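Have a look at the structure below, then the notes.
Numbering (the numbering used here), first residue to last: 496 to 662.
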């Protein structure tokens with residue numbers, strides 16, 4: 496049997512120094528993985544940028560940051576049949592249950608965003624998506640660093656020391 500604890504990944508001398516996370520979904524089950532990675536990267540000596548686009552952008556709004564949900568319909572990881580998810584009130588119930596469980600391990604979404612900011616993570620709102628989603632700059636939370644377009648994101652992602660993940 497192979498001892499997996501002794502296997503070290505080969506990096507051929509390449510060390511990634513920048514983590515770029517594309518946050519395109521605004522649901523609980525997609526935000527926490529991104530926020531956990533974002534808060535871990537600086538502890539490992541990496542800079543981190545979070546690029547919020549499409550439904551992920553809603554999380555950066557004053558109304559959206561505290562109202563994230565999880566939809567039980569069409570979510571293969573949910574421990575319930577899809578048909579149950581269409582019952583009125585199930586999204587609210589599933590969201591409440593998920594938040595209750597998550598908050599035993601991590602702070603709420605807004606506090607995680609503040610933790611990320613405190614550790615040097617940069618939060619970027621996608622300018623084309625702001626128009627599409629009708630999000631105004633004055634509705635963004637104060638932690639947002641700037642509003643940038645796809646060309647800025649592609650410039651960062653093309654850097655040789657960047658690791659880009661879509662979440």
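Glycine included, C-beta positions come from ideal geometry on N, C-alpha and C. Remember, it's a predicted structure, so these values are computed and weren't measured experimentally.
- Contact between residue 525 and residue 662 holds, since their C-beta atoms are separated by about 6 Å, short of 8 Å.
- If you draw a straight line from the Cα of residue 613 to the Cα of residue 537, it is about 10 Å long.
- Residue 644 and residue 528 have their C-alpha atoms spaced approximately 24 Å apart.
- In the structure shown, residue 604 falls within a helical segment according to DSSP collapsed to helix, strand and coil.
- Taking a 10 Å sphere around the C-beta of residue 547, we find 16 or more other C-beta atoms and assign the residue as buried.
- Within 10 angstroms of the beta-carbon of residue 626 lie fewer than 16 other beta-carbons, which makes it exposed.
- When secondary structure is reduced to three states using DSSP, residue 625 falls in the helix class.
- The C-beta distance from residue 560 to residue 608 rounds to 7 Å, short enough to meet the 8 Å contact threshold.
- An exposed status is given to residue 646, since fewer than 16 other beta-carbon atoms sit within 10 Å of its beta-carbon.
- Excluding its 5 nearest sequence neighbours in each direction, residue 639 has C-beta neighbours in its own chain below 6 Å: 555, 618, 620, listed in chain order.
- In this chain, residue 522 is not harboured by any alpha helix (DSSP H), its DSSP state being neither H nor E.
- For residue 515 and residue 654, the gap between their C-alpha atoms comes out near 11 Å.
- In the DSSP annotation of this structure, the continuous segment of the alpha helix (DSSP H) that includes residue 648 starts and ends at 645 to 652.
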